[in-house]
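A.B. asks:
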Amino acid sequence: MTIRQSFAVGIVLAALGSPLSASADETAFEQLGRWSVAAVSNGGKFAYCSADVDNGKVQLRLATNGDTWRVGVPYYESKKKIAGYYGFGDAAEQADFKVSEEGWAFLAIDSDQLNAFLSNPSFSINLDRGLQSWKLSGAGAAIEKASACARSKGQKQAAAAVSPTPGTGRDCPPPGKYRSQNSARPVTVTFFNGSKRPVEIYWIGFDGQWKKYHTLGPDKNVNQKTFATHPWVATDARGNCFREVFMPDPDGGPENNNFQVWFD
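Each step along the sequence shown adds one to the number in the working numbering, with nothing skipped, and position 242 is 244.
#1: Given 8 Å as the limit, is there contact between the segment 25 to 41 and the segment 134 to 150, that is, 3 or more CB pairs closer than that?
#2: Alpha helix (DSSP H) containing residue 174: first to last residue?
#3: Expressed to the nearest angstrom, what Euclidean distance is found between the alpha-carbon atoms of residue 61 and residue 100?
#4: Write down the C-beta distance between residue 66 and residue 150 rounded to the nearest angstrom, noting that I regard them as a contact closer than 8 Å.
#5: Can you list, in chain order, the residues of its chain whose CB lies under 6 Å from that of residue 217, leaving out five sequence neighbours each side?
#6: Could you tell me which of 94, 235, 103, 63 sits nearest to residue 79, measuring between CA atoms?
#7: Mapping the DSSP letters down to three states, classify residue 220 as helix, strand or coil.
#8: Considering Cα atoms alone, identify which of 140, 238, 215 is closest to residue 209.
#9: List the residues that DSSP assigns as beta-bridge partners of residue 260.
#10: Could you compute how far the alpha carbon of residue 193 sits from the alpha carbon of residue 82?
#11: In angstroms with no decimal places, state the Cα-to-Cα distance between residue 183 and residue 231.
#12: Using CA coordinates, which residue listed in 176, 44, 28, 110 is at the minimum distance from residue 242?
#13: Quickly, what does DSSP pair residue 83 with across the bridge? List them, please.
#14: Residues bridged to residue 237 by DSSP?
#15: Taking DSSP as the reference, what is the three-state secondary structure of residue 131?
#16: If you run the structure through DSSP and keep just helix, strand and coil, what is residue 72?
#17: Among the candidates 75, 213, 64, whose CA atom is the shortest distance from the CA of residue 50?
#18: In chain order, what residues of the same chain have a beta carbon less than 7 Å from the beta carbon of residue 215, not counting five sequence neighbours either side?
#19: Could you tell me the distance, in whole angstroms, from the CA atom of residue 220 to the CA atom of residue 265?
#20: Return helix, strand or coil for residue 186, following the three-state DSSP convention.
#21: Considering only their Cβ atoms, is the gap separating residue 132 from residue 43 smaller than 8 Å?
#22: Would residue 260 be called buried (16 or more neighbouring beta carbons within 10 Å of its own) or exposed?
#23: Is residue 122 helix, strand or coil by DSSP?
Encoded structure:
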């Protein structure tokens, strides 16, 4: 069934009820074009970080506490759960949305569904206000910023904690030369540190900025899920780069995605 078909049959109807009380506080974290990233707290305690975009009628929210992700829209009726449809493009799936106390109807999503926000042009939900669609341009950068927000519990990192800027260390690529592109082709890569000292593994994001993922000790390795067209780099503790920018190969075998780092 498509999203539009689900709208036509009118399966989801809003029930009358009193609005739920909104007890959450939101603090702006970053503005990225059409997307707004915020830290949400409840009773003074960190709850989650959000990445919001508006289609002119309804706000769409992607939310993460650092471990899990949800997607949702505002919903102020008294139900605890509401059935609806959601999907990318014209595809549609039925699901039960859980209504939070602060007035959002949320649906838990897994890592594959989250990654779909990076490679699809639009996303739709059909709930009490009928079919609503949002363009997903800029979603990748917003998701990364919301992840960073959640890792820091909504606190912006001090300048000293920021990852090294590309191009500042020896053998590093010039700033902006590499950046991730939207891709629907997943790849699992392996990083191996053959050096006698620790190395740092960074993903180069959609905005060209480096995001630290791993610190590898000598003779250690780690598997990492990623996508084609997503570049990775490795540095030593002083920020000097390994000579190669690693590009995952979805058409190659494990030997093509086994990335070895050796610093003299």
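The beta carbon of each residue, even a glycine, is placed where N, CA and C say it ideally should be.
C.D. replies: Quick answer:
#1: Taking a cut-off of 8 Å on C-beta distances, the segment 25 to 41 touches the segment 134 to 150, as three or more cross pairs fall below it.
#2: Following the DSSP letters along the chain, one finds residue 174 in no alpha helix (DSSP H), marked with neither H nor E.
#3: Residue 100 has its alpha-carbon roughly 17 Å from the corresponding atom of residue 61.
#4: Contact between residue 66 and residue 150 is ruled out by a C-beta separation of about 10 Å, above the 8 Å threshold.
#5: Same-chain partners within the cutoff: 200, 202.
#6: Looking only at 94, 235, 103, 63, the smallest Cα-Cα distance to residue 79 is reached by 103.
#7: DSSP places residue 220 in coil when its eight states are reduced to three.
#8: For the residues 140, 238, 215, the minimum Cα distance to residue 209 belongs to 140.
#9: Residue pairing by DSSP places residue 260 opposite 192 in a beta bridge.
#10: One C-alpha to the other measures close to 45 Å.
#11: One C-alpha to the other measures close to 6 Å.
#12: Comparing C-alpha distances from residue 242 to each of 176, 44, 28, 110 shows the shortest one belongs to 176.
#13: According to DSSP, which records beta bridges pairwise, residue 83 is partnered with 100.
#14: Partner(s): 202, 243.
#15: In the structure shown, residue 131 sits in coil (DSSP, three-state: anything other than H, G, I, E or B).
#16: Residue state, collapsed to three classes: strand.
#17: Nearest option by C-alpha distance: 64.
#18: Listed in chain order, the non-local C-beta contacts of residue 215 below 7 Å within the same chain comprise 203, 204, 205, 226, local neighbours out to five positions each way being set aside.
#19: If I take the Cα positions, the gap works out to 10 Å.
#20: Three-state result, residue 186: coil.
#21: Contact flag unset, no.
#22: With fewer than 16 other Cβ atoms inside 10 Å of its own Cβ, residue 260 counts as exposed.
#23: Per DSSP, reduced to three states, the secondary structure at residue 122 is coil, with no helix or strand assignment.
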